[in-house]
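What follows is a short report on a single structure.
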Amino acid sequence: MRINRRNFINLGSLGIAGFTLQGFVNKQSVQGLKPIVIATWDAGLSANKAAWAVLSKGGSALDAVEKGVMVTEDEINCCVGLAANPDRDGHVTLDASIMDHEFNCGSVAFLERIKHPISVARRVMEKTPHVMLVGEGAQQFALSEGFTLEPDELSESADKSYKEWLKKSTYQPIINVERQKSKKATSQLDDIYKAPAKLSNGEWNHDTIGMVALDAKGNLSGSCTTSGAGFKLRGRVGDSPIIGAGLYVDNEVGAVVSTGQGEDVIRVAGSSAVVEHMRQGKSPQEACKLVVEKIRRIKKEKAADIQVCFIALNKNGEYGSYALHTGFNYAVHTAEGNKLIESPFSV
Ligand code: ASP
């Protein structure tokens, strides 16, 4: 949100001289909007609190975005952490990514039985020459870094949801990728996403936690962690661990993170695209909107069945969001407090 014309005029009515007033407003906008952290969905409220504990003491945006989303990884949540819904085979597989203000980035995908994938992603970034580790290799790396192997079991709520899902769904893993091109296989894939995506009350059931922050020094960082799409095909990886798709940070411009149907974010390199629009002068909200509208055009009538959302924070501490459908919200924490904002949307 920008310091708007009305705020400016209100200050003007205090009778402060023009030159001083301009200086005052500039100073206020810096002090008011830095540090700041924003995070997806209402789970972002508790995550922001942990991030704010770091930022308010002068800590780095990088530490803040790791600490923040760790809170959600520990909560009972349909879509983040080990308590989340499993894949079609009944296993929870996690994706996460993190990026700092110097283009350093790390991610893990298809990671099983490790409680804090975001911290493993950070170790990938800091301790290896690589950006991304997946599956068994990511787990081996986590263990070598001292992470603990958690039991291979579902949380009570995930177990219940999985059993429900199994009742309605034919358990037929598609083992030949070519078959996905057949009409039958395509509709099976659509069902995987539709079933958990839209609840009977019309709300969307996506809960990836994505967080971007600007610290007191003016540095940006971002993080993203998820179990991906519930009841997905085994081995499926979404946008969240893919740098440029689920998360992107360019410290000269801004930081962006996404939630929603990852496949459609990947195909437009979503978060990177939003950053590029901000580089061209668009506000965070305008930039998010341009990419959401592009996805809507690409998906045509299928846009009715998916949700895609972006949140963005620029170098000046201005923020915004845009979603394809109603129902998306995000949390914003500044020195003035922590609040939930309903996102503007397209259709
Ligand atoms: N973007 C995540 C994924 O596709 C899911 C979500 O945010 O709901 O893996």
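FYI, the numbering for the sequence shown is 848 to 1194, going by the working numbering. Glycine residues also receive a C-beta, built at the ideal position from the N, C-alpha and C atoms. Note that the structure is a prediction, hence the values are computed from the model and not measured.
- In this structure, the straight-line span from the alpha carbon of residue 1058 to that of residue 1191 is close to 18 Å.
- About 6 Å separates the CB atoms of residue 1061 and residue 1160; that is less than 8 Å, so the two are in contact.
- Counting of Cβ neighbours within 10 angstroms places residue 998 among the exposed residues, the total staying below 16.
- In the structure shown, the three-state DSSP call for residue 1167 is strand.
- Taking a C-beta distance under 8 Å as the contact criterion, residue 1124 and residue 1134 qualify as a contact pair.
- Between ligand 1 and the CB of residue 1106, the shortest heavy atom gap is smaller than 7 Å.
- By the Cβ test, the segment 1076–1085 is not in contact with the segment 906–918, since fewer than three Cβ pairs between them sit closer than 8 Å.
- In terms of Cα proximity to residue 1065, the closest of 1099, 1092, 1090 is 1099.
- For the options 1162, 954, 949, 1054, the alpha carbon positioned closest to that of residue 919 is the one of 1054.
- With respect to residue 887, residue 1177 sits close: the two C-beta atoms are nearer than 8 Å.
- Residues 1053, 1154, 1155, 1156 of the same chain have their beta carbon placed closer than 6 Å to that of residue 1107, with the five preceding and five following residues left out of the count.
- If you check the C-beta of residue 1086 against ligand 1, you find a heavy atom less than 7 Å away.
- When the alpha-carbon of residue 915 is set against those of 932, 937, 930, 945, the nearest one is in 945.
- Contact between the segment 943–958 and the segment 1085–1099 is present: three or more C-beta pairs spanning the two stretches fall below 8 Å.
- Using a Cβ distance threshold of 8 Å, residue 940 and residue 1074 count as a contacting pair.
- Per the DSSP secondary-structure output, residue 1186 pairs in a beta bridge with 1179.
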